[in-house]
Amino acid sequence: MCGIVGYIGGQTAAPIVLEGLGKLEYRGYDSAGVAVLAAGGLKVAKQAGRVRDLEAALPKRFAGKLGIGHTRWATHGAATDVNAHPHLDAEGRVAVVHNGIIDNAGTLREKLTADGVELVSETDTEVLSHLVARSEAETLEGKVLAALSQIEGTFGLAVLHADFPDRIVVARNGSPLIIGVGEHEMYVASDLAALVRYTRQVVHLDDGELATITANGFTTFTDTHERTHKQATTVDVVAEDYDAGGHEHFMRKEILEQPQAAERTLRGRLDERFGTAHLGGLNLDPRDARSIRRVKILGCGSAYYVGQLGASLIEDLSRLPADAEPASEFRYRNPVIEPDTLYVAVSQSGETADTLLAVQEITRKGGRVVGLVNVVGSSIARACDGGIYLHAGPEVAVASTKALTTMSLGFALLALHLGRVRDLSIADGRRIIEGLRRLPDQIAEILEQDEALAEIAHRLAASESLFFVGRVRGFPVAREGAQKFKEISYRHAEAYPTSELKHGPLALISAEVPTVAIVPHDELTDRNIGALHEISARKGPLVVVGHADVDLGELSATRIDVPRNVPELDPILLTIPLQLLAYHAALTLGHDVDKPRNLAKSVTVE
Ligand code: AGP
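Written out as structure tokens, the structure is:
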């Protein structure tokens with residue numbers, strides 16, 4: 001969603017800011033803008049459309065050694081030139097870029113209008129520039145603090161003021177902001193992707209924290225203007241992680257990177273000797289772990305579906321009751337927070353607002369939450385009491401692939417860890433470890449079926465509507481398969497437990513409606529095949545994703561076979577071909593695979 005970039009130093013700011021904005025495109029946006037400050041005052045260029053269009057339209061004279069830029073995902077007001085950020089005050093001396101939502105913008109707009117201020121946009125953000133400009137404080141920091149004291153809502157923001165040409169003031173409350181430290185130049189961004197080309201030394205602001213950034217450094221302070229003392233840390237990502245690296249799409253690159261991503265998630269965490277997983281970051285000693293009576297997993301979209309897979313892994317290995325729930329619904333049902341429940345928040349970006357708010361609801365009520373998060377230092381990771389970093393590496397395509405696979409592995413590690421402080425035997429622990437060690441190579445084996453999968457996807461893409469079905473451990477796989485397919489192919493893809501077909505959806509089966517069925521070799525294989533006969537009898541085309549030793553008998557079906565692992569881990573492998581089916585279907589239909597319509601990589605609003 002929205003993105004912020006800022007620069008101050010010895011170079012011309014605009015190209016650096018625009019380059020950074022380009023790196024944030026993957027998050028999803030519909031307009032972009034940049035403001036620079038030079039001797040002649042503030043200059044602003046902004047418009048609806050892509051960053052490259054803004055760049056092309058930039059006036060020739062757009063110099064200035066400090067600048068801020070923004071990519072906007074419309075919330076308050078349409079995606080127009082006027083609503084694009086930065087927003088200025090009436091005199092054109094203050095420029096503000098803002099991520100988040102100002103809840104009391106309506107009231108503030110009324111007050112400002114009553115005071116004779118003419119607001120030109122429909123946005124909530126514009127009030128901020130007027131409030132900063134109207135403050136009588138003597139410093140820019142004082143003016144920003146005065147403006148923020150009137151605001152209710154969430155923000156990550158950056159402010160330029162023509163009277164203070166040596167600084168950018170930034171603030172964070174519920175929307176990420178990262179300062180990048182260079183040599184006599186400094187950067188700010190809402191996402192590492194915009195920074196890593198220039199520096200790997202970063203400072204994450206906390207909620208309620210502000211910073212003054214000058215060419216030679218930064219100072220951080222609280223919203224009551226007390227100094228905080230932050231040290232820069234080195235991030236372990238590099239600029240190339242955000243390049244497609246010769247691949248046609250990021251999604252393809254990320255699918256192919258899965259064997260290495262899986263290895264990174266597992267590295268240093270498996271202990272054959274005791275048949276367990278070492279997860280120091282959980283901050284859960286064995287006594288704590290033993291006192292847990294239930295596990296509740298919270299995530300959104302695909303992270304929620306992986307959470308369902310995680311719940312079954314935890315139940316299987318630790319015999320603790322576990323379930324997953326959409327984080328977006330959780331806090332609105334006034335959930336009972338139990339002291340002996342372990343809450344697990346799962347998120348690739350670590351910035352999904354619905355998941356973050358669920359975490360905050362739990363911690364506010366005294367519950368214990370751990371995170372399974374990919375992005376180090378992200379808001380969810382920081383809001384949790386501990387967790388497991390996934391180490392998938394940056395994921396750029398909106399449709400999540402490698403991050404989801406590493407989430408499943410994260411759940412397998414957690415399940416193993418909890419199981420081994422409870423009743424899972426050492427032999428079973430070692431069996432799971434042996435299965436986990438085989439997974440990266442098995443994923444690579446599946447990826448070799450790319451061509452065959454492309455051909456199947458090509459046929460599936462011709463149908464307006466599809467079913468994805470699976471049972472028990474296979475059902476989250478089916479849900480994720482349908483999600484991936486609909487996200488990027490825009491075909492109607494619906495997931496059902498195979499056992500539920502006869503209770504309704506069978507009415508929709510016809511020669512025009514194919515079913516992708518998850519049929520591993522397990523205790524339910526025969527029942528699964530029984531249901532497939534019911535589909536086949538109604539002429540429904542079948543694609544069966546399973547194991548080579550599943551005997552389909554007389555059934556006419558296209559087969560996709562994956563290698564067998566241990567039954568608990570098989571769902572992880574069964575998910576991989578579904579990613580490639582979705583990818584190739586989207587290609588066949590000529591869609592923008594990496595940036596599907598209406599979707600954003602990181603959903604930072606409720
Ligand atoms: C996955 O392909 C989707 N883009 C989406 O469902 C995603 O999983 C969801 O928005 C949660 O994102 P997160 O993992 O960053 O929290």
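The opening position of the sequence shown corresponds to residue 1 in our numbering, with each subsequent residue numbered one higher.
Backbone N, C-alpha and C define an ideal beta-carbon position, used for all residues, glycine too.
Distance, residue j Cα to residue i Cα
i, j, result
"Thr515", "Thr525", "16 Å"
"Gly180", "Thr219", "13 Å"
"Gly3", "Val188", "11 Å"
"Arg636", "Val566", "This structure does not reach residue 636, given that the chain is present from 1 up to 606, and the question cannot be answered."
"Tyr490", "Gly28", "17 Å"
"Gly208", "Ser129", "19 Å"
"Ala137", "Ala146", "8 Å"
"Gly245", "Leu131", "45 Å"
"Arg422", "Ile292", "10 Å"
"Arg437", "Gly546", "21 Å"
"Gly474", "Val519", "7 Å"
"Arg197", "Asp241", "10 Å"
"Gly419", "Arg319", "7 Å"
"Ala303", "Val477", "12 Å"
"Val96", "Asp30", "18 Å"
"Ala427", "Gly470", "29 Å"
"Thr558", "Pro335", "44 Å"
"Gly590", "Ala482", "19 Å"
"Pro571", "Val235", "32 Å"
"Gly429", "Leu270", "10 Å"
"Gly9", "Asp243", "26 Å"
"Lys365", "Asn99", "27 Å"
"Val159", "His584", "44 Å"
"Ile443", "Val346", "22 Å"
Residue burial classification, residue i (beta-carbon count within 10 angstroms, cutoff 16)
i, result
"Val238", "exposed"
"Phe618", "One cannot answer for residue 618 here, as it falls past the ends of the chain, which runs 1 to 606."
"Thr222", "exposed"
"Gly553", "exposed"
"Ser556", "exposed"
"Ala311", "buried"
"Pro440", "buried"
"Ser510", "exposed"
"Asn528", "buried"
"Lys502", "exposed"
"Ser135", "buried"
"Thr125", "buried"
"Gln308", "buried"
Span of the beta strand (DSSP E) around residue i
i, result
"Gly429", "No beta strand (DSSP E) holds Gly429; the alpha helix (DSSP H) holding it covers 426-447."
"Phe221", "217-222"
"Met407", "Here Met407 belongs to no beta strand (DSSP E); instead the alpha helix (DSSP H) covers 402-420."
"Ser465", "465-470"
"Thr341", "341-347"
"Ile518", "515-519"
"His547", "No beta strand (DSSP E) holds His547; DSSP gives it neither H nor E."
"Leu160", "155-161"
Anticipated Cβ contact below 8 Å, residue i with residue j, distance rounded
i, j, result
"Ala454", "Arg479", "Not quite, the Cβ-Cβ distance comes to about 23 Å (not below 8 Å), so this is no contact."
"Tyr7", "Val17", "6 Å"
"Leu313", "Glu568", "6 Å"
"Ala399", "Lys484", "6 Å"
"His391", "Thr276", "That belief does not hold up - the Cβ atoms of His391 and Thr276 are roughly 19 Å apart, past 8 Å."
"Ile378", "Gly350", "Inspection of the sequence shows that residue 378 is occupied by Ser rather than by Ile. The Cβ separation is near 2 Å, so the contact holds."
"Val370", "Ile380", "No, Val370 and Ile380 are not in contact; Cβ-Cβ is about 11 Å, not under 8 Å."
"Phe467", "Pro497", "About 11 Å; that fails the 8 Å criterion."
"Ile362", "Ile388", "In fact, because the Cβ distance is near 17 Å, the residues do not count as touching under 8 Å."
"Arg564", "His521", "6 Å"
Start-to-end residues for the alpha helix (DSSP H) that takes in residue i
i, result
"Asn528", "525-537"
"Leu256", "250-256"
"Asp354", "353-364"
"Arg52", "51-57"
"Ser556", "Neither: Ser556 is in no alpha helix (DSSP H) and is coded neither H nor E."
"Leu112", "105-114"
"Glu141", "140-148"
"Pro571", "570-588"
"Asp450", "450-460"
"Glu487", "474-489"
Item to check | Three-pair Cβ contact test at 8 Å for the segment 316-331 versus the segment 575-587 | outcome: Flag = no, the segment 316-331 and the segment 575-587 do not touch.
Next on the checklist: With a threshold of 8 Å, are at least 3 pairs of Cβ atoms found where one atom belongs to the segment 30-38 and the other to the segment 64-84?
Outcome noted: With contact defined as three or more Cβ pairs closer than 8 Å, the segment 30-38 and the segment 64-84 are in contact.
Next on the checklist: With a threshold of 8 Å, are at least 3 pairs of Cβ atoms found where one atom belongs to the segment 277-285 and the other to the segment 240-253?
Outcome noted: Because the criterion of three Cβ pairs below 8 Å is not met, the segment 277-285 and the segment 240-253 do not touch.
Checklist entry - Does the segment 338-358 come close enough to the segment 287-307 that 3 or more CB-CB pairs lie under 8 Å? => result Touching, yes.
Checklist entry - Looking at C-beta atoms only, is the number of pairs between the segment 527-540 and the segment 399-415 that lie closer than 8 Å three or more? => result No: fewer than three Cβ pairs fall under 8 Å.
Item to check | Meets three-Cβ-pair contact criterion under 8 Å: the segment 92-109 and the segment 147-154 | outcome: With a cut-off of 8 Å, the segment 147-154 and the segment 92-109 count as touching, because enough Cβ pairs lie within range.
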